[in-house]
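Peer 1:
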RNA sequence: GCGCCCUUAGCUCAGUCGGAUAGAGCAACAGCCUUCUAAGCUGUGGGUCGGUGGUUCGAAUCCACCAGGGCGCGCCA
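In my numbering, the protein residues as written are 118 to 718.
#1: Can you give me the C-alpha to C-alpha distance between residue 186 and residue 222, rounded to a whole angstrom?
#2: From what residue to what residue does the alpha helix (DSSP H) around residue 436 run?
#3: What does DSSP give as the partner residues of residue 208 in its beta bridges?
#4: Consult DSSP for residue 535 and reduce its assignment to one of helix, strand or coil.
#5: Exposed or buried, what is residue 388 when buried is set at 16 or more other beta-carbons lying within 10 Å of its beta-carbon?
#6: Take the Cβ of residue 700 as the centre, count every other Cβ of all protein chains shown within 10 Å, and call the residue buried at 16 or more, exposed below.
#7: If I follow the unbroken beta strand (DSSP E) through residue 276, where does it start and stop?
#8: Out of 658, 611, 545, which has the shortest C-alpha to C-alpha gap to residue 252?
#9: Note down, in chain order, each residue of its chain lying with its Cβ closer than 8 Å to the Cβ of residue 312, except the 5 sequence neighbours on either side.
#10: Short of 7 Å in beta carbon distance, which residues of its chain neighbour residue 586, apart from the five on each side in sequence? Order them along the chain.
#11: Out of 465, 608, 356, which one is the CA nearest neighbour of residue 404?
#12: May I have the straight-line CA-CA distance separating residue 135 from residue 142, to the nearest angstrom?
#13: Determine contact between the stretch 400 to 420 and the stretch 497 to 517, defined as no fewer than three beta-carbon pairs at a distance below 8 Å.
#14: Between which two residues does the alpha helix (DSSP H) containing residue 466 stretch?
#15: Cβ of residue 645 within 9 Å of Cβ of residue 270?
#16: What runs of the beta strand (DSSP E), each 3 residues or longer, lie entirely inside the stretch 270 to 329?
#17: Does the distance from the CB of residue 512 to the CB of residue 478 come in under 9 Å?
#18: Count the other CB atoms within 10 Å of the CB of residue 241; is the residue buried (16 or more) or exposed (fewer)?
#19: Please list, in chain order, all residues of the same chain as residue 310 whose beta carbon is under 8 Å from its beta carbon, the five residues on each side excluded.
#20: Check for me: the beta strand (DSSP E) holding residue 567 runs from which residue to which?
#21: Taking its Cβ as the centre, do 16 or more other Cβ atoms sit within 10 Å of residue 581, making it buried, or is it exposed?
#22: Please report how far the alpha carbon of residue 535 lies from the alpha carbon of residue 331, in whole angstroms.
#23: Rounded to the nearest angstrom, what separates residue 526 and residue 572 at their Cα positions?
#24: Who does residue 342 pair with in a DSSP beta bridge?
#25: Hey, out of 191, 509, 291, 234, whose CA is closest to residue 361's CA?
#26: Taking just the CA atoms, how far does residue 266 sit from residue 211?
#27: Pull up the CB-CB distance for residue 670 and residue 626, whole angstroms please, since I reckon it's below 8 Å.
#28: First and last residue of the alpha helix (DSSP H) that includes residue 232?
#29: Mark residue 704 as exposed unless 16 or more other C-beta atoms lie within 10 angstroms of its C-beta, in which case mark it buried.
#30: Whole angstroms are fine: how far does the CA of residue 233 sit from the CA of residue 476?
#31: Return the bridge partner residues of residue 518 from the DSSP annotation.
#32: What's the C-alpha gap between residue 594 and residue 609?
#33: Taking one C-beta from the stretch 554 to 566 and one from the stretch 278 to 290 each time, how about it: are there three or more such pairs within less than 8 Å?
#34: Is residue 416 helix, strand or coil by DSSP?
#35: Please report the Cβ distance between residue 159 and residue 198, rounded to the nearest whole angstrom; I am assuming they are in contact, meaning their Cβ atoms lie under 8 Å.
#36: Taking only the alpha-carbon atoms, compute the straight-line gap between residue 606 and residue 612 and give it to the nearest angstrom.
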C-alpha cells in the first residue's frame with residue numbers, strides 16, 4: 118500500500134478516466150483531484166474527474182461519472198464508487214485499505230508524511246533577520262516561528278532547504294548603536310559629560326536606542342578597556358580612536374543575545390550572512406555592475422509620492438534600477454545622495470549571493486511593515502537571476518507576517534518598558550514556555566493579524582490547541598505504558614505492533630481516526646505548496662479531536678477501550694492504532710518544532 | 001491619491017490550485033465519571049461568507065466596482 122492513499126487513488130482515477138475518455142487532454146488530467154469528503158455520507162474520497170472531462174469529451178458529466186464509478190468499483194481496496202451530485206464520484210474505501218495506513222506509519226515513524234513533491238528543489242528560507250541593535254521582541258517572534266516551521270515543512274515535503282539569517286550590520290543603525298554604547302561606556306566610567314553635551318557630538322544630533330538594555334554593554338566595555346577609549350578627563354574621544362572597536366564589540370554582544378533568544382525558541386539557522394561581509398567581498402558592487410551592464414540602471418528623477426506629505430522633498434537625479442521592467446510600479450533608487458548604497462542596493466547583492474550559492478527559490482519571511490518592499494525585491498531577483506543562476510531563473514516569494522497583539526486578562530498588553538509590561542521574546546518565553554509560543558504562533562494564517570492570548574496559551578483546556586494536542590499524545594503514551602505492563606499483550610513497541618492483525622478496527626470512531634491518519638501525507642504536501650505551516654497545527658487539532666472522541670466512546674462502549682483483558686489480538690490492533698496516532702502527532706509537532714509531552718499529571 | 005493584505009456564527013478563527021447542505025473552538029442550553037487521564041466527550045441552537053454586479057455546469061474562493069480595517073509609498077532598515 119502506498120504511503121499516500123490519495124495520491125494512489127488519484128492515479129487510479131486518472132487511469133480509469135483516460136480509458137473512458139481516450140483522448141483526454143493532459144492539462145485536464147493534471148487538474149483531477151481526489152479529496153477527502155466533507156460529509157462522511159459521501160464516502161471517504163470524492164473526485165471531480167468527470168466534471169473536468171465532460172467539456173473536452175463533449176459528454177454529460179453524469180454519464181462519465183457513471184462509467185468512472187463502474188470502473189473504480191472493481192478495484193482492490195475500493196468498496197464502493199458511486200456517481201453523485203453534478204458529476205462527482207464518491208469513493209468508499211474498504212476497511213482494509215484504511216487499516217493499511219497503520220503498518221506504514223509504524224514502519225516509517227515520524228518520517229511518515231515525507232513527500233517527494235519538492236524534487237530536491239533548493240529553497241533558501243530567510244527569516245528573523247532582526248537588526249542587531251536590540252533584543253528580539255514579540256514582533257520578531259512570529260516571523261521566527263513561521264519561518265522555522267515553514268522551512269521544516271518544506272524539508273519534509275522534499276525540498277532542499279537552507280535556513281538563513283541576514284545580519285544587517287553595515288547600516289546607519291549600527292553606527293547609531295555604537296554611539297549609544299559609547300555613551301553608556303562613558304557613563305560607566307563616571308564621565309562628567311552631560312548627555313546633552315554628548316549628543317551634540319553624535320551624527321544626527323541625537324542618541325537612539327535609549328533602552329536600558331545597552332547599559333550592561335557600556336559597563337562591560339568599561340571593564341574590558343578601562344578608560345583607554347575615552348578622551349582626557351573621561352570626555353568623548355575622537356571617533357577614530359574608539360568607533361570600530363565599540364561597534365564590533367556591540368555587534369558581537371547583540372548577536373550573541375539574539376542567538377541565545379533563538380536557541381531558547383528552538384530556532385537554529387544554518388547560515389548567518391553578514392551585510393558587511395557581503396559589501397567587503399564586493400558582492401553588492403558586482404551585482405550592481407551586472408545590472409548596469411544589462412542596461413537596467415540609469416540616472417533619473419522620480420516623481421514625488423502622491424498623497425503623502427514630504428516636506429523636504431526635492432527633485433534629484435538618482436541611480437535607478439528599472440524595476441518597472443519586471444513588474445514593479447516604479448523604478449527604485451540604489452544610491453543615496455551621499456553616494457552610498459541604499460538598503461535595497463545591498464540587499465540586491467545579498468540576494469545575488471544566495472542565488473550564487475545555489476538556490477532555485479528564495480523565500481523571505483517578512484514583517485507586515487516590509488510588505489511594500491516585496492515587489493522591488495521580486496523585480497531585482499528576476500533581473501539578477503539571469504546572470505547568477507545556472508538555470509537563469511529564480512523564484513522570489515515573500516511570506517508576510519502580520520502584527521501580533523498580546524492579550525492578558527482579556528486586555529491588550531501595552532508594550533511599555535517603563536510600565537514593566539514585557540516586550541521581549543525572552544519575557545514571552547518565560548511567561549508561557551517555548552512549546553506554547555511556537556504552537557500558538559502557528560494557529561493563524563501568517564498574513565492575518567493575530568491575538569496572542571497569554572492566558573489561553575497556558576490554559577489546560579479544550580480551547581487551547583497546544584494543550585489539546587499534547588493531551589492527546591500523553592493519553593496515547595499512557596495507554597501504551599499501561600499495556601507494556603501486561604505481558605499477555607506481547608511486544609507493544611512500534612515495531613512489535615507493526616505486524617499486528619487489524620481486523621478488529623471496524624467501529625466508526627476507529628475508522629474516522631484511520632481516515633484522519635491517511636490524510637497526513639496529503640496535508641503536508643498542500644501546506645508546503647501553499648507555504649502555510651499553520652495548516653499543520655489545525656490538522657493536529659483535528660487529529661487530537663478524533664482521538665479524544667474515540668477515547669471517550671470507550672466509556673459508553675467497553676468494546677472500544679484500547680486494553681481488552683483476555684483479548685490480546687483485539688488489544689494489539691487497537692494499540693497499533695494508538696501508536697500510529699501518537700506517531701503522526703509527533704510527526705506534526707516535529708514540523709512545528711514543538712516537543713511532544715509523554716505524560717500530564 | 002496609489003499599491004499590497006484583510007472582512008466568514010455574538011467572540012476568536014478554519015475553509016484543500018472553483019465543488020455537493022460553509023466548519024471548529026469559545027460563549028448559551030441539555031446530557032456523560034464503579035472505567036485506559038472528565039485537563040475530556042456527546043447533543044441543541046446560532047450564517048444575506050462586508051455590499052453590488054460579472055465569469056460558468058458550479059463562487060466564501062476568480063474578475064470589476066463600492067464600503068470598512070491594517071501596512072507601505074525617493075536618499076530608514
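In this text, a Cβ means the ideal position worked out from N, Cα and C, and glycines have one as well.
Since the structure is predicted, the reported quantities are computational estimates derived from the model, not experimental observations.
Peer 2: For this structure:
#1: 29 Å
#2: DSSP places residue 436 in no alpha helix (DSSP H) but in the uninterrupted beta strand (DSSP E) bounded by 434 to 438.
#3: BP columns for residue 208 point to 162, 198.
#4: Only weak support exists for where residue 535 lies, its pLDDT of 49 falling under 50; the value from the coordinates is given anyway. The answer is coil: DSSP assigns residue 535 none of H, G, I, E or B.
#5: exposed
#6: buried
#7: Where residue 276 is concerned, there is no enclosing beta strand (DSSP E), given that its DSSP letter is neither H nor E.
#8: 545
#9: 300, 324, listed in sequence order.
#10: 657, 658, 661, 702
#11: 465
#12: Our two residues, residue 135 and residue 142, have alpha carbons roughly 9 Å apart in a direct line.
#13: yes
#14: 460 to 473
#15: yes
#16: 277 to 284
#17: yes
#18: By the 10 Å Cβ count, residue 241 comes out buried.
#19: The answer, listed in chain order, is 303, 351, 352, 353.
#20: Looking at the DSSP string, the run of the beta strand (DSSP E) that includes residue 567 is 567 to 570.
#21: buried
#22: Because the pLDDT of residue 535 is 49, which lies under 50, any placement of that residue in the model is unreliable, and the number read from its coordinates should be weighed accordingly. Going by the C-alpha atoms only, they are around 15 Å apart.
#23: Each residue's Cα considered, the two are about 7 Å apart.
#24: Residue 342 is not bridged to any residue.
#25: 291
#26: 35 Å
#27: 5 Å
#28: Premise fails: residue 232 is in no alpha helix (DSSP H) and is neither H nor E.
#29: buried
#30: 18 Å
#31: 484
#32: Their backbone Cα atoms lie some 11 Å apart in a straight line.
#33: no
#34: strand
#35: Taking 8 Å as the upper bound for CB-CB distance, residue 159 and residue 198 are not in contact here, some 11 Å apart.
#36: 14 Å
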